[in-house]
Amino acid sequence: MVDRNKRLHGVWSSSRTFVFAATGSCVGLGGIWKFPYVVGENGGGTFVLLYLAFLLLVGLPLLLAEVMLGRRARQSPVNAMRYLTAESGLPTVWSGIGWLGVASGLIILSYYSVVAGWSLQYMTDMASGQLQGADARATTEHFMQLLADPERMMRWQAGFLLLSMAVVVRGVRRGLGLAVRWMMPLLAVLLLILLYYSATVGELGKSIDFVFGLRAAGLTATSALKALGLALFTLSLGVGAMMAYGAYIPDRAPVIKSLLLVILFNVLVALSFAVVVFAMVFAHSGIRPDSGPGLMFITLPLTFGNMPGGLLLGAIFFLLTAIAAWSSAISLLEPGVAWLVESRGCRRWQANLIVGSLAWFLGLGSVFSFNRWRGDINFYGFVDMLTSAILLPLTALLIALFVGWKMRRSLVREEMHGESLHVFNGWYWLFRYLVPVAVGVILVAGLFGLFV
Ligand code: TRP
């Protein structure tokens, strides 16, 4: 079975390719768009510190676990969990982890594609010279106009989904590597330029103080849950995406180093974007740090619109953002698609069409929550909370319990053969004790804070 699947889906050519693909999945709207606005809503530095702690103490062990599970089974997440459950002689309910993941992936993709569509729209706006020299009122107004136009948002969302499906149809390994190899360095260069201009046209000092300064105020169970959810989201955990990518990893390659690189890159991108965004926030009294999902779309055009050659750079920036989102969307599609292909005998294009259409349809809810349903139903807020605060932490908890307590230790060790015994023992301990307790406590306390 395992060998058949190795043939069915193939194996990465090297662990470098895996780093590229995993980075492509992790770096996306999570770091560029979501991170700054969630930091803004949760008061800055202390929240950032919590986020970083969760990345290392919970995110890294979980990343390792997902990759390992995927590599052991070499199947789509749903079937991988079925296979692993049977292998350890556990009751079949445990294989439900795979289903939870597919559901979360679909729900995330639904709103992810809407926001990626905004990026595409902004790319064309920048390229066509709009927003030149715009002030804070004008960029806010510009964003509001986009939100007020559901048809336009639906078209961009559909276009973005079609682009993602086009890659997944051909199999994830082809097409993706190239995009990521060019995109990451370009994104890094652009970030440096942006940082430089934030220092000249924005309030860099205040921004750095906000993003890194520690203030105890605002530290609640709910914000801890949000930091955890954000850490899982930006590392593409809890969906089985990393399981799906792990399924293509060569047999005994050591992965910790690769994963640390992925995390490092992710952190650099997220922190620098946050600094760039808040430099503009603090330079304009009309923009508040807690402006919500529109924050990046209101602030960055201010930077671009007021620097030499800014419009061209702006167009490139939003294009790169869309590409980063695209390489992430691919890994949100893949678990569902791989399952339909393996178990339902679908062809790849059929499976893509099914998952893509579902995501589009579900995404209409998010589109309408910014216009037609505004004030009545905040569907976007609901699906965001459902995934980041409930489904992702829940799946993370279940995976920790599964690997730490249910799977046979010898099987886990066998799969982690590339790592030294010390590293393995440390990881295993974190996994058995720290990860489930931390995630469990935060989940319960955070939900209590949210609902009560
Ligand atoms: N990590 C991506 C981002 O930060 C989003 C993403 C891709 C994702 N695949 C995922 C989030 C799987 C959760 C689970 O933009």
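Using my numbering, the first residue of the sequence shown is number 344, and each one after it goes up by one.
Idealized CB from N, CA, C, for every residue including glycine.
The structure displayed is predicted, hence computed values, not measured ones.
Is the beta carbon of residue 530 within less than 7 angstroms of some heavy atom of the ligand TRP? Checking the Cβ of residue 530 against the ligand TRP gives no.
For residue 688, is the classification buried or exposed, using 16 other Cβ atoms within 10 angstroms of its Cβ as the cut-off for buried? exposed
Alpha helix (DSSP H) containing residue 426: first to last residue? 420-430
Mind checking residue 583: buried by the 16 CB within 10 Å criterion, or exposed? Residue 583 is buried by the Cβ-count criterion.
Please list, in chain order, all residues of the same chain as residue 671 whose beta carbon is under 6 angstroms from its beta carbon, the five residues on each side excluded. 368, 371
Residue 482 burial status per 10 Å Cβ neighbour count (16 or more: buried): buried
Nearer than 7 angstroms: is that true of the beta carbon of residue 462 relative to any heavy atom of the ligand TRP? Every heavy atom of the ligand TRP is 7 angstroms or more from the Cβ of residue 462, so no.
Quick one: is the Cβ of residue 511 within less than 7 angstroms of any heavy atom of the ligand TRP? Residue 511: no, Cβ never under 7 angstroms from the ligand TRP.
Straight-line CA distance for residue 599 to residue 770? 10 angstroms
Using C-beta distances below 6 angstroms, list every residue in its chain close to residue 345, excluding the 5 sequence neighbours before and after it, in chain order. Reliability fails at residue 345, whose pLDDT of 47 lies under 50, so the model's placement of it is uncertain and no value is given.
Between which two residues does the alpha helix (DSSP H) holding residue 665 run? 653-686
DSSP three-state assignment for residue 750, whether helix, strand or coil: coil
Compute the minimum distance between the beta carbon of residue 576 and the heavy atoms of the ligand TRP, and state whether it is under 7 angstroms. yes
Whole-angstrom distance between residue 373 and residue 576, CA atom to CA atom: The alpha-carbon atoms of residue 576 and residue 373 are separated by roughly 7 angstroms.
Any heavy atom of the ligand TRP within a distance shorter than 7 angstroms of the CB on residue 582? yes
Between residue 529 and the rest of its own chain, which residues show a CB-CB distance below 7 angstroms, the 5 nearest in sequence each way excluded? Sequence-distant partners of residue 529 (beyond 5 residues in either direction) whose C-beta falls short of 7 angstroms from its own C-beta, in its chain, are 663.
Leaving out the 5 sequence neighbours to the left and right, which residues in its chain are closer than 7 angstroms to residue 452 when beta-carbon positions are compared? Answer for residue 452: 672, 675, 676, 702, listed in chain order.
Where do the N-terminal and C-terminal ends of the alpha helix (DSSP H) with residue 448 fall, by residue? Where residue 448 is concerned, the enclosing alpha helix (DSSP H) stretches over 439-470.
Using a beta-carbon distance below 8 angstroms, is residue 483 in contact with chain C? Although the question refers to chain C, the structure presented lacks it and comprises just one protein chain.
For residue 685, is the classification buried or exposed, using 16 other Cβ atoms within 10 angstroms of its Cβ as the cut-off for buried? buried
Hey, out of 732, 665, 606, 694, whose CA is closest to residue 396's CA? 606
Locate the alpha helix (DSSP H) running through residue 599, then write down its first and last residues. 599-624
Are three or more beta carbon pairs between the stretch 472-489 and the stretch 753-771 nearer than 8 angstroms? In short, these stretches do not touch, since the Cβ pair count stays below three.
Is residue 706 near the ligand TRP, in the sense that its beta carbon is under 7 angstroms from a heavy atom of that ligand? no
beta-carbon residue 441 near the ligand TRP non-hydrogen atom, thresh 7 angstroms: no
Can residue 448 be considered in contact with the ligand TRP, in the sense that its beta carbon sits closer than 7 angstroms to one or more heavy atoms? Flag set: Cβ of residue 448 near the ligand TRP.
Quick one: grab the DSSP three-state call for residue 485. helix
Going by beta-carbon coordinates alone, are residue 423 and residue 413 separated by less than 8 angstroms? For residue 423 and residue 413, yes; Cβs fall inside 8 angstroms.
State buried or exposed for residue 430, treating a residue as buried only when at least 16 other CB atoms are found within 10 Å of its CB. exposed
Reduced DSSP category for residue 345 - H, G, I as helix; E, B as strand; rest coil: With a pLDDT of 47 at residue 345, under the threshold of 50, the modelled position of this residue cannot be trusted, and the question is left open.
Taking residue 513 as the reference, which of 761, 718, 693 has the closest Cα? If we check each option's Cα against that of residue 513, 693 comes out closest.
Between the stretch 711-727 and the stretch 736-747, do at least 3 Cβ pairs fall closer than 8 angstroms? no
Who are the near neighbours of residue 540 in its chain, counting only those whose CB is closer than 7 angstroms to its CB and skipping five residues on each side? Closer than 7 angstroms at Cβ, skipping near neighbours: 646, 650.
Ends of the alpha helix (DSSP H) at residue 815? Outside the shown range of the chain (344 to 795) lies residue 815, about which nothing can therefore be said.
On the three-state DSSP scale, how would you describe residue 552? Looking at residue 552 - three-state DSSP - the assignment turns out to be helix.
Please report how far the alpha carbon of residue 534 lies from the alpha carbon of residue 727, in whole angstroms. 27 angstroms
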